[in-house]
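As structure tokens, the structure follows; a few thoughts come after it.
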Amino acid sequence: MSHEVVIALFEGVQSLDVTGPLEVFCGASRAPGSHYRVRTASLGGRTVTSSSGLGLAPQADLCAVERIDTLVVPGGEGTREMDGEFVAWLAGAAPRAGRVAGVCTGAFWLAEAGLLDGRAATTHWAHCGRLAREYPRVRVRAEPIFVREGPICTSAGVSAGIDLALALVEEDLGRRVALEVARHLVVFLTRPGDQAQFSTHLAAQAAQRPAVREVQHWIAQHPGRDLRVEVLARRAGMSPRQFARVFAAQVGVSPGRYVERVRLETARRVLVEGEAPVAAVARRCGYGTAEAMRRAFVRALGCSPAQYRERFGSRR
Numbered sequence: 032m033s034h035e036v037v038i039a040l041f042e043g044v045q046s047l048d049v050t051g052p053l054e055v056f057c058g059a060s061r062a063p064g065s066h067y068r069v070r071t072a073s074l075g076g077r078t079v080t081s082s083s084g085l086g087l088a089p090q091a092d093l094c095a096v097e098r099i100d101t102l103v104v105p106g107g108e109g110t111r112e113m114d115g116e117f118v119a120w121l122a123g124a125a126p127r128a129g130r131v132a133g134v135c136t137g138a139f140w141l142a143e144a145g146l147l148d149g150r151a152a153t154t155h156w157a158h159c160g161r162l163a164r165e166y167p168r169v170r171v172r173a174e175p176i177f178v179r180e181g182p183i184c185t186s187a188g189v190s191a192g193i194d195l196a197l198a199l200v201e202e203d204l205g206r207r208v209a210l211e212v213a214r215h216l217v218v219f220l221t222r223p224g225d226q227a228q229f230s231t232h233l234a235a236q237a238a239q240r241p242a243v244r245e246v247q248h249w250i251a252q253h254p255g256r257d258l259r260v261e262v263l264a265r266r267a268g269m270s271p272r273q274f275a276r277v278f279a280a281q282v283g284v285s286p287g288r289y290v291e292r293v294r295l296e297t298a299r300r301v302l303v304e305g306e307a308p309v310a311a312v313a314r315r316c317g318y319g320t321a322e323a324m325r326r327a328f329v330r331a332l333g334c335s336p337a338q339y340r341e342r343f344g345s346r347r
């Protein structure tokens with residue numbers, strides 16, 4: 032029996048929320064032993080226009096789809112004005128679907144339909160506050176790139192939908208198939224769900240206060256330096272307590288967590304772009320020892336620095 036994957040379309044949908052999971056599931060459908068049948072569908076089978084102006088012609092009418100094993104609900108500008116007809120369809124279809132995955136702000140559709148009541152969920156980091164305010168019965172988690180609770184999954188912004196789809200493929204068809212799909216799409220399979228959802232570059236853009244932005248840029252330029260809160264606070268002209276509070280409010284994470292991310296991203300880049308020994312990379316990026324960096328990589332990425340370089344290095 033086929034495994035029916037349906038990706039819902041609506042006016043103002045974010046096209047990458049659609050095409051990312053679509054490519055993952057379609058890629059997996061070509062693997063030996065796969066039973067995926069992947070379709071896009073909209074209400075009435077109508078062509079929709081994405082938030083970027085791209086026309087998307089569905090393959091089916093949502094109301095005519097008889098069985099759904101995996102339902103993917105993307106996000107996009109269309110979530111700002113809830114379509115009552117789509118919400119009603121979703122509320123009726125979700126209970127008979129094997130699992131439901133909300134991508135990015137698709138979590139708002141799920142919340143409006145009551146599917147997230149009492150559940151943990153995430154969404155694009157810039158919209159987590161709004162999700163919590165508008166749907167207080169949802170336990171919003173701003174940090175993870177995806178969250179799964181029972182048959183309901185939610186993911187963070189845009190590209191995190193690929194991570195979620197890969198996790199579902201691995202669950203259905205095994206790690207080998209998921210790894211092959213990830214390799215074909217040139218993405219990393221083992222990005223765990225609890226990995227932070229936004230990069231340091233996005234975080235830098237999120238900071239509005241000049242003092243915080245300056246400290247962020249300084250951290251990025253000097254990951255190997257002493258980056259304790261006390262040191263960073265002096266650069267910002269604040270007390271450590273005030274700096275920690277202002278930084279967290281501006282960026283969304285503590286200074287310590289932000290430093291961890293900068294060091295990890297810097298180490299990843301240095302590993303794939305050069306041939307310096309792992310121990311030298313560890314010192315340059317502020318880890319001190321190769322073992323400390325190895326623990327950080329395994330915790331965040333599920334692999335060692337050497338394994339990461341072997342997979343993504345320029346000479347592979």
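Under my numbering, residues 32 to 347 are what the sequence shown spells out, in order. Think of the CB as a built atom: it goes at the ideal place given N, C-alpha and C, for glycine as much as any other residue.
Closest by CA to residue i, which one among the options?
i, options, result
"D92", "R340, G76, F328", "G76"
"E165", "A142, Q273, A323, A157", "A142"
"E112", "A298, E202, V44, D100", "V44"
"V103", "T297, V79, S73, A88", "S73"
"V100", "G115, G106, G86, R130", "A small correction: the amino acid at residue 100 is Asp; Val does not occupy that position in the sequence shown. If we check each option's Cα against that of D100, R130 comes out closest."
"Q281", "A238, R294, L295", "A238"
"E211", "D48, F56, H34, M32", "F56"
"L199", "A310, I183, R214", "I183"
"L146", "V118, E296, A157", "V118"
"A39", "P63, A310, A88", "A88"
"I250", "R240, R292, M269, L216", "R292"
"R70", "V49, P63, D194", "V49"
"H66", "L47, R214, S33", "S33"
"A295", "F278, H253, L195", "For clarity, residue 295 is Leu in the given sequence; the question names Ala instead. When each option's Cα is compared against that of L295, the closest is H253."
"E54", "V37, G64, E42", "V37"
"A59", "I176, V303, E202", "E202"
"P175", "P167, R342, C159, R168", "C159"
On the DSSP letters alone, give me the boundaries of the beta strand (DSSP E) that residue i sits inside.
i, result
"V282", "It is not in any beta strand (DSSP E) - V282 instead sits in the alpha helix (DSSP H) that spans 271 to 282."
Would you kindly work out how many angstroms separate the C-alpha atoms of residue i and residue j, rounded to a whole number?
i, j, result
"Q90", "L197", "22 angstroms"
"Y318", "H155", "30 angstroms"
"L121", "G109", "15 angstroms"
"R299", "R150", "34 angstroms"
"D225", "V178", "With a pLDDT of only 49 at D225, under the threshold of 50, the placement of this residue in the model should not be trusted; the figure read from the coordinates follows. Going from the Cα of D225 to the Cα of V178 covers about 8 angstroms."
"R244", "Y289", "12 angstroms"
"R161", "A307", "44 angstroms"
"A275", "L263", "9 angstroms"
"C334", "S186", "22 angstroms"
"R98", "R265", "60 angstroms"
"A321", "A311", "8 angstroms"
"P52", "S81", "16 angstroms"
"V96", "Y339", "42 angstroms"
"A242", "R315", "25 angstroms"
Taking the alpha helix (DSSP H) that residue i belongs to, which residues open and close that run?
i, result
"H248", "241 to 252"
"P52", "46 to 60"
"L74", "Premise fails: L74 is in no alpha helix (DSSP H) and is neither H nor E."
"C323", "Note on identity: in this sequence residue 323 is Ala, with Cys being the wrong assignment. Residues 321 to 332."
"A264", "260 to 267"
"P286", "286 to 304"
Tell me residue i's beta-bridge partners as DSSP assigns them.
i, result
"V69", "V36"
"E79", "Sequence check: residue 79 is Val here, not Glu. BP columns for V79 point to L87."
Query - Whole beta strand (DSSP E) elements within the stretch 88 to 134, 3-residue minimum - result: 101 to 104, 130 to 133
Query raised in the report: For the stretch 129 to 212, which segments carrying the alpha helix (DSSP H) assignment without a break, of at least 4 residues, lie completely within its bounds, in sequence order?
Result: 137 to 143, 159 to 165, 191 to 204
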